[in-house]
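Here is the structure we will look at, set down as structure tokens.
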Amino acid sequence: MAEMGGHVVDDCRGVLKVFSDGSIWRSTEPSFQVPVVDDGSVLWKDVVFDQPNNLSLRLYKPAPIGPERPDKLPVFYYIHGGGFCIGSRTWPNCQNYCFKLARDLGAVVVAPDYRLAPESRLTLANEDGFAAVKWLRDQAVGSEADPWLVESADFGRVFVCGDSAGGNIAHNVAVRLGVGSKGLEPVRVRGYVLLAPFFGGTVLTRSEAEGPDDAFLNWELIDRFWRLSIPVGDTMDHPLVNPFGPVSVDLEPVELDPILVVCGSCDLLKDRAKEYAERLKSWGKKVTYEEFEGQQHGFFTINPNSEPSIKLMQIIKDFITQYSI
Numbered sequence: 125m126a127e128m129g130g131h132v133v134d135d136c137r138g139v140l141k142v143f144s145d146g147s148i149w150r151s152t153e154p155s156f157q158v159p160v161v162d163d164g165s166v167l168w169k170d171v172v173f174d175q176p177n178n179l180s181l182r183l184y185k186p187a188p189i190g191p192e193r194p195d196k197l198p199v200f201y202y203i204h205g206g207g208f209c210i211g212s213r214t215w216p217n218c219q220n221y222c223f224k225l226a227r228d229l230g231a232v233v234v235a236p237d238y239r240l241a242p243e244s245r246l247t248l249a250n251e252d253g254f255a256a257v258k259w260l261r262d263q264a265v266g267s268e269a270d271p272w273l274v275e276s277a278d279f280g281r282v283f284v285c286g287d288s289a290g291g292n293i294a295h296n297v298a299v300r301l302g303v304g305s306k307g308l309e310p311v312r313v314r315g316y317v318l319l320a321p322f323f324g325g326t327v328l329t330r331s332e333a334e335g336p337d338d339a340f341l342n343w344e345l346i347d348r349f350w351r352l353s354i355p356v357g358d359t360m361d362h363p364l365v366n367p368f369g370p371v372s373v374d375l376e377p378v379e380l381d382p383i384l385v386v387c388g389s390c391d392l393l394k395d396r397a398k399e400y401a402e403r404l405k406s407w408g409k410k411v412t413y414e415e416f417e418g419q420q421h422g423f424f425t426i427n428p429n430s431e432p433s434i435k436l437m438q439i440i441k442d443f444i445t446q447y448s449i
């Protein structure tokens, strides 16, 4: 590690360290050391979608099985998690899950990066997530569209999924676009999948307050992520953190496309995810909530071949089928 000033005041899974003098160190290695399982059944490539901020996304699509031209495939965004502070499309756990999504859903998967805190605090990650979705419109209508994508993608069947912090970004994209994703034509977002969305608030929920210290995402880490990512001087009732906070937009009159919300019963974020789904549903939104008994935060990427993860994949596939018509 390069010489830094002072002592470590914040350590995020060993890959991000903030020092007492304000200096920041980031590892070039991921926090999840797992092998990439690339068996050739899924093709992939990287594309820059935001040149000024040097942001890229990774595209995936199932490899063709025969010589016949396949039907166009739905587009499925997967926005990675990491508390807005860590994570990347290049991390092996993210790549392996995207391989599985592309193969099992039969979809073109788009996995964008976004700027990370504390160097880039909110609202920049949410702006980057929205920019990654707008990039697809440019591909659909632009003269410099990527043939690799255009020949396979059905721009009329797009789903935006986010994992943890990515789920927060997906929610805010949904609110910003509203029902029908007007302004993105010919791109049409059909629905959103929020996997253990990372929301917060100044008043703790029961699952946050009583969650065990040895949880994969415990309260100490949740608090650290928020402290490092919320705009300086703001609280956890910031509108991008707490969708139902005292200064947040009233979501009751906002028309939204269908939303699938997923959480594990042992996830400290469970109560917020459940309240989010139940409140939106009480206002007449098309929201489905699925809770997985005994599962921790991120269970689907930690063990993507487990029985709960396989069940979740089928639920996502059914959601895509239901709202593709």
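Going by the numbering used here, the residue at position 19 of the sequence shown is 143; the numbering climbs one at a time, nothing skipped. Ideal placement from N, C-alpha and C gives every residue a C-beta, glycine not left out.
Taking a contact to mean a Cβ-Cβ separation below 8 Å, would you say S151 touches G206 in this structure?
no
What span of residues does the beta strand (DSSP E) with I203 cover, start to end?
197 to 203
Quick check on DSSP: helix, strand or coil for E332?
helix
Answer yes or no: do K435 and E415 have a C-beta to C-beta separation smaller than 8 Å?
no
Can you list, in chain order, the residues of its chain whose CB lies under 6 Å from that of P242, leaving out five sequence neighbours each side?
L352
Excluding the 5 residues preceding and the 5 following V158 in the sequence, name in chain order all residues of the same chain whose CB lies nearer than 8 Å to its CB.
P216, N217, N220
Please give the ranges of any beta strand (DSSP E) in the stretch 226 to 308, keeping only runs that are unbroken, at least 3 residues long and fully inside the region.
232 to 236, 277 to 287
Assign I189 to one of two classes, buried (16 or more other C-beta atoms within 10 Å of its C-beta) or exposed (fewer than that).
exposed
Let me check one thing: in DSSP terms, what residues is W168 bridge-paired to?
Y184
In the DSSP output, which residue or residues are listed as bridge partners for C136?
Secondary-structure assignment with DSSP links C136 through a beta bridge to L140.
Could you tell me which uninterrupted alpha helix (DSSP H) segments, each at least 4 residues in length, are contained entirely in the stretch 321 to 366, listed from first to last along the chain?
330 to 334, 343 to 353
Do the stretch 166 to 176 and the stretch 436 to 445 meet, that is, are 3 or more Cβ pairs less than 8 Å apart?
no
Compute the distance between the beta-carbons of G286 and L319, then report whether it is under 8 Å.
yes
Candidates L260, V166, R245: closest to K224 by CA position:
Residue V166 is the option with its Cα nearest to K224.
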